[in-house]
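Asker: Just passing along the structure, written as structure tokens.
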Amino acid sequence: MSISETIKNIDAAAISFSSAAPGTVPESERQLLLAATKGLQNAIESPIDTVVSIALGAHRSAAIRTAMDLGLFTALIDVQEVGITSKGLGEKTGGDPVLITRLMRFLVAMGFAKELDIDLYISTPKTGYFAAGSPLQAPITHLASCARVIVRLADYFRETGYKNPTDAYDSAFQFAMGTDLQYWDWLKADQLQQEAFNATMALTRLHRGEPWFEFFPVESRFGSTPADAPLLVDIGGGLGHDLAAFQARFPNLPGKLILQDLPVAIDDIKELSPSIERVKHNFFDPQPVRGAKAYYLRQVLHDWPDKQSLEILTNIKEAMTEESVLLLNENFLPEKNVPLYNAEIDFSMLAMFSAAERTEKQWVDLLERAGLEAKKVWYPKERLDASATLFEAVRKY
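Just so you know, we're using the UniProt record's numbering here: the sequence shown kicks off at 1 and counts up by one.
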């Protein structure tokens, strides 16, 4: 196939998918298609293209954050046909038209706006991604703090002799931010970042594929729980989204549903059934609910290195009985050919917490070292890049 024919086919495919309604392409196929396009890009880009893409990635995120905070996306959202100038956008946002012109170069190049003529812009279907009210604003704000650490990682490793970090209280985060605070303590002092983090965690729950309770035999395992006994304790469960989804799926299942997290998270809950008990709890303290049918951790331990993860698991283990199970809902890294997305998340855990994304073997080993026995690993029917896997463990006696 000639270059010109290849370009025509790619352009035709782009038009076809851009006009498709959101969600009409199955997620597994969408990920395969995206991987194929990235493979094509890797095959044809020059060394200079590669260097530019890597080196200038931070510029794009900085421009998006600035444009979002200024309100450019909101100002553009309804602009069609005749368009709007930088001066007009300045009148809407209060921003300097010269700065707006420079920001619009990024937005146009990345498809968030369209340039009709010199200094004349209209919105595109992507403009709304970061307009006021969009849940996608939260991760941009949240990940800005992570980016401040990521850009100092090379300096951190040079200072520490290129050793893998193993302590959450002696990490690249403290090095880059010039603080003695661990990330979670730092987060509590910044309301904007705390709210952005909470909203981002809620958003990530929407793109994890099949929920754990669809591939774990909930009713056969938990259906005989006494009505006044603790059924499911969601430890570090944030705003309670997982318990709310579980309750909606099994509204008649007997037993208590209990949400545990730090006060800053519990106090931020705005919508949650009053039938779900809320408990302010630090998982480094002894577990107050003893003998629950199931203790549940969703993407908690990937935020902590082994040292602190073992403390968390030990506190849970001490509260478990022979009838209890621990359900660990985590992604895991394949042993080889790790997708770029997963490698990036692993590096985020390294930078912020001295933590890591673990392989299946590493998760099982961690449970064993905490005095727990991994009874079974449960997998969703369809495995996506961000799919969760459920590790079921019991206390060793």
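We put the beta carbon where it would ideally sit given N, CA and C, even for glycine.
Since we're looking at a predicted model, the values are computed, not measured.
For ARG369, which of helix, strand or coil comes out of DSSP?
Answerer: The residue you call residue 369 lines up with position 369 of the sequence shown. It is helical.
Asker: Do you know whose CA, among LEU262, ILE64 and ALA58, lies nearest ILE150's CA?
Answerer: For the purposes of this step, residue 150 is taken as residue 150 along the sequence shown, with counting starting at 1. For ILE150, the nearest C-alpha among the options comes from ALA58.
Asker: Output the distance between the C-alpha atoms of ASN331 and ARG358, rounded to the nearest integer angstrom.
Answerer: For the purposes of this step, residue 331 is taken as residue 331 along the sequence shown, with counting starting at 1. For the purposes of this step, residue 358 is taken as residue 358 along the sequence shown, with counting starting at 1. Looking at the two C-alpha atoms, the distance is approximately 8 Å.
Asker: Have a look at THR141 and SER273 and give me their C-alpha separation to the nearest angstrom.
Answerer: Residue numbering aside, residue 141 sits at position 141 when the sequence shown is read from its first letter. Residue numbering aside, residue 273 sits at position 273 when the sequence shown is read from its first letter. Going by the C-alpha atoms only, they are around 29 Å apart.
Asker: Within 10 Å of its beta-carbon, does ASN164 have 16 or more other beta-carbons around it, so buried, or fewer, so exposed?
Answerer: Here residue 164 corresponds to residue number 164 of the sequence shown, with the count starting at 1. Exposed, since its Cβ has fewer than 16 Cβ neighbours within 10 Å.
Asker: Would SER294 pass as a contact of LEU327 if the rule is Cβ separation under 8 Å?
Answerer: Within the sequence shown, residue 294 is the residue found at index 294, counting from 1. Within the sequence shown, residue 327 is the residue found at index 327, counting from 1. Residue 294 is actually Ala in this sequence, not Ser. Cβ atoms of ALA294 and LEU327: closer than 8 Å.
Asker: Is ILE54 helix, strand or coil by DSSP?
Answerer: Within the sequence shown, numbered from 1, the residue matching residue 54 stands at position 54. ILE54: helix per DSSP, three-state reduction.
Asker: How is VAL364 classed by DSSP in three states: helix, strand or coil?
Answerer: Position 364 of the sequence shown, counted from the first residue, corresponds to residue 364. Of the three classes helix, strand and coil, the one that applies to VAL364 here is helix, per DSSP.
Asker: Under three-state DSSP, which class holds ASP242?
Answerer: As a working note, residue 242 is residue 242 in the sequence shown. ASP242 falls in the helix class under three-state DSSP.
Asker: Buried or exposed: where does GLN137 fall if 16 or more other Cβ atoms within 10 Å of its Cβ makes it buried?
Answerer: Here residue 137 is taken as the residue at index 137 of the sequence shown, counted from 1. GLN137 is buried by the Cβ-count criterion.
Asker: Any chance you could list the beta strand (DSSP E) runs of at least 3 consecutive residues sitting entirely within the region 312-351, in chain order?
Answerer: Counting only runs of 3 or more, we get 325-330.
Asker: Measuring only the C-alpha atoms, how far is ASP96 from ALA132?
Answerer: As a first step, residue 96 is located in the sequence shown; it is residue number 96 there, counting from the start. As a first step, residue 132 is located in the sequence shown; it is residue number 132 there, counting from the start. Whole-angstrom Cα-Cα distance: 20 Å.
Asker: Could you name the residues of the same chain whose beta carbon sits closer than 7 Å to that of SER134, not counting the 5 residues immediately before and after it, in chain order?
Answerer: For the purposes of this step, residue 134 is taken as residue 134 along the sequence shown, with counting starting at 1. Result list for SER134: GLY128, in chain order.
Asker: Using alpha carbons as the reference points, say which of HIS302, GLN260, ILE316 and VAL300 lies closest to GLN287.
Answerer: What you label residue 287 is simply residue 287 of the sequence shown in a count that begins at 1. Comparing Cα positions, the closest option is ILE316.
Asker: Measure the alpha-carbon distance for LEU72 versus ASP267 and round it to whole angstroms.
Answerer: Position 72 of the sequence shown, counted from the first residue, corresponds to residue 72. Position 267 of the sequence shown, counted from the first residue, corresponds to residue 267. Cα to Cα, the separation comes out at about 32 Å.
Asker: Of the choices ILE44, TYR162, LEU313 and LYS381, whose alpha-carbon is the least far from that of VAL394?
Answerer: Start at 1 with the first residue of the sequence shown, and residue 394 comes out as number 394. It is LEU313.
Asker: For the 8 Å Cβ check, are there 3 or more pairs between the region 230-245 and the region 292-310?
Answerer: The region 230-245 vs the region 292-310: in contact.
Asker: For the region 55-135, which segments carrying the beta strand (DSSP E) assignment without a break, of at least 3 residues, lie completely within its bounds, in sequence order?
Answerer: With a minimum length of 3 residues, the continuous beta strand (DSSP E) runs that stay inside the region 55-135 are 113-117 and 120-123.
Asker: Please classify SER275 as buried or exposed, where buried requires at least 16 neighbouring CB atoms within 10 angstroms.
Answerer: Within the sequence shown, the letter at position 275 stands for residue 275. By the neighbour-count rule (16 or more Cβ atoms within 10 Å), SER275 is not buried but exposed.
Asker: Mind checking which residues open and close the alpha helix (DSSP H) that includes LEU143?
Answerer: Indexing the sequence shown from 1 puts residue 143 at position 143. Run containing LEU143: 137-150, per the alpha helix (DSSP H) assignment.
Asker: What first and last residue would you give for the beta strand (DSSP E) that runs through LYS256?
Answerer: As a first step, residue 256 is located in the sequence shown; it is residue number 256 there, counting from the start. Here the beta strand (DSSP E) through LYS256 covers 256-261.
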